[in-house]
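Just below is one structure, and these are the notes that go with it.
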Amino acid sequence: MSAAAPAFPAIRLQFDDNSLLPALFGDHDRHLARIEQKLDVTLASRGNQVQISGPSAAARAAQAALQALYRRLADGKRRGEAPSSLDAATVDAAIRWAVDAERGGGMSSFTSAAIQTWKRPIEPRSPTQLAYLEALLRYELVFGLGPAGTGKTYLAVAAAVAALKERKVDRIILSRPAVEAGERLGFLPGDMKEKVDPYMRPLYDALYDTMPGDQVQRRLDSGEIEVAPLAFMRGRTLANSFIILDEAQNTTPTQMKMFLTRMGENSRMAVTGDPSQVDLPHGQKSGLRDAVDALRAVAGVTVISFTDADVVRHPLVTRIVRAYDAAERPLIARAESGERR
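Residue numbers for the sequence shown follow my numbering, beginning at 275 and rising by one.
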């Protein structure tokens, strides 16, 4: 006879404002179902009450997530905002904060910080994103490392736009190395701008998401915003600027040193990249790894490392990143073992 599964005491939540419950629960209770799936708990709603059943830590995280989402809706109502709905990304963010708090991270709410751009406030969706945003405000040089979909570039651009909006800087400079991602594109037609724009498209996307389109174009024309390949940085001194280097894993050490030494007075730099996705020729050392190793202990410099837990794209992206990491781990171990020998 098998042992009975351990019984966990249920947690009961009651919400005072019934008008907020349709947005909190989602159409056909889809937000409750999402929390169940992410935390492996069972949620049963009846009227203005929710019963949470499952392992204690997971149940407490579900409780904290629901309470944070309810506070978010209630705060919006108190400010006189139109009734809002919650999207899946916001629900996932609340779950991340709650899980981090349950693990001792000390972050009980994901509504504690936001930066204001021209279009809308941008909020961190994970504790690591919050640490990254705080670092961008505090340090002169910030390295953001981690897999795709963690918001490294997007948040850096949002912080730059906020700094320009608040007149803390006079201009934004966005750069990328023009390295093809394992492809051979040949000679591209058009003038220089038309040749390099495809490499810069993710930076443009972030700009247009945080600024009205007419402002983006006007500031590009005036030089307040500059989007240029890394090669165009040589010989310049960039003062009173917020400077972002994206896809920095595809720089050489020489290029990285050249870029970092462009910093002028009253400037900040954000350098983002994924060390696991280097597209340089085989055997060429990444300038990103080299710079992080050399500068990690330098005053005014900080490194923020994202993991697959911070991926804020489609849930499948998280699973893809984890699968690749698991496959690459034995290869890295063998390579390091060979180096030691």
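By construction, the Cβ of each residue, glycine as well, lies at the ideal position given by its N, Cα and C atoms.
Note that this is a predicted model, so its numbers are computed, not measured.
DSSP state of residue i mapped onto helix, strand, coil
i      : result
Gly418 : strand
Ser541 : coil
Gly350 : helix
Val490 : helix
Thr266 : An answer regarding residue 266 cannot be provided, because it is not within the stretch 275 to 615 covered by the chain.
Val577 : strand
Pro451 : coil
Leu554 : coil
Thr535 : coil
Pro395 : strand
Ala368 : helix
Ala513 : coil
Glu440 : coil
Val566 : helix
Pro503 : strand
Val435 : helix
Cutoff 7 Å; reference residue i; Cβ partners in own chain excluding five residues on either side
i      : result
Ala362 : Arg308
Thr576 : Ala409, Tyr413 and Val416
Gly456 : Low confidence applies here, because Gly456 scores a pLDDT of 42, under 50, leaving its location unreliable; read the following figure in that light. Closer than 7 Å at the Cβ level, and outside the excluded window around Gly456, lie Asp553.
Residue from the options with nearest C-alpha to residue i
i      : options                           : result
Pro503 : Gln491, Ala335, Gln390 and Ala452 : Ala452
Val431 : Gln341, Met474, Thr526 and Glu376 : Met474
Gln311 : Gly328, Val324, Arg320 and Asp301 : Gly328
Phe516 : Gly423, Thr525 and Lys439         : Lys439
Asp301 : Arg286, Asp291 and Leu360         : Leu360
Thr525 : Gly497, Arg510 and Pro555         : Pro555
Gly541 : Pro398, Gly574, Gln558 and Tyr478 : Checking the displayed sequence, the identity of residue 541 turns out to be Ser instead of Gly. Cα-wise, what sits closest to Ser541 is Gly574.
Arg286 : Arg377, Gly420 and Gly321         : Gly321
Leu481 : Glu539, Ile396, Gly418 and Thr424 : Ile396
Arg626 : Asp495, Glu539, Gln489 and Thr484 : Because residue 626 is not part of the residues shown, which for the chain are 275 to 615, the question remains open.
Neighbourhood of residue i by C-beta distance below 6 Å, restricted to the same chain and skipping five residues each side
i      : result
Ser382 : Any answer about Ser382 is weak, because its pLDDT of 49 lies below 50 and its placement is not dependable; what the coordinates show is given next. Within the same chain, Ser382 has close Cβ partners Ala375.
Ser560 : Gln523 and Val552
Nearest-angstrom Cβ-Cβ length linking residue i and residue j, presumed shorter than 8 Å
i      : j      : result
Val315 : Ala331 : Not quite, the Cβ-Cβ distance comes to about 10 Å (not below 8 Å), so this is no contact.
Gln523 : Val501 : The pair is not a contact, with the Cβ atoms about 19 Å apart (cut-off 8 Å).
Ala318 : Ala372 : With 8 Å as the limit, Ala318 and Ala372 do not qualify as a contact, their Cβ atoms being about 19 Å apart.
Gln288 : Gln323 : 5 Å
Ser400 : Asp582 : At roughly 11 Å, the Cβ-Cβ gap does not stay under 8 Å, so Ser400 and Asp582 are not in contact.
Leu294 : Lys351 : 7 Å
Thr484 : Lys426 : Not a contact, Cβ separation roughly 15 Å.
Arg445 : Gly497 : 7 Å
Beta-carbon gap between residue i and residue j smaller than 7 Å
i      : j      : result
Val545 : Leu512 : no
Tyr428 : Ile578 : no
Val547 : Leu562 : Sequence check: residue 547 is Gly here, not Val. The answer is yes: Cβ separation under 7 Å.
Ala284 : Gln337 : no
Met537 : Ala565 : no
Phe580 : Thr402 : yes
Val435 : Thr391 : yes
Ile369 : Ala348 : no
Arg241 : Ile499 : Nothing can be reported for residue 241: it is not among the residues displayed for the chain, which extend from 275 to 615.
Leu298 : Leu343 : yes
Neighbourhood of residue i by C-beta distance below 8 Å, restricted to the same chain and skipping five residues each side
i      : result
Arg508 : Met532
Ala433 : Ile389, Leu407, Leu410, Leu411, Phe516 and Ala544
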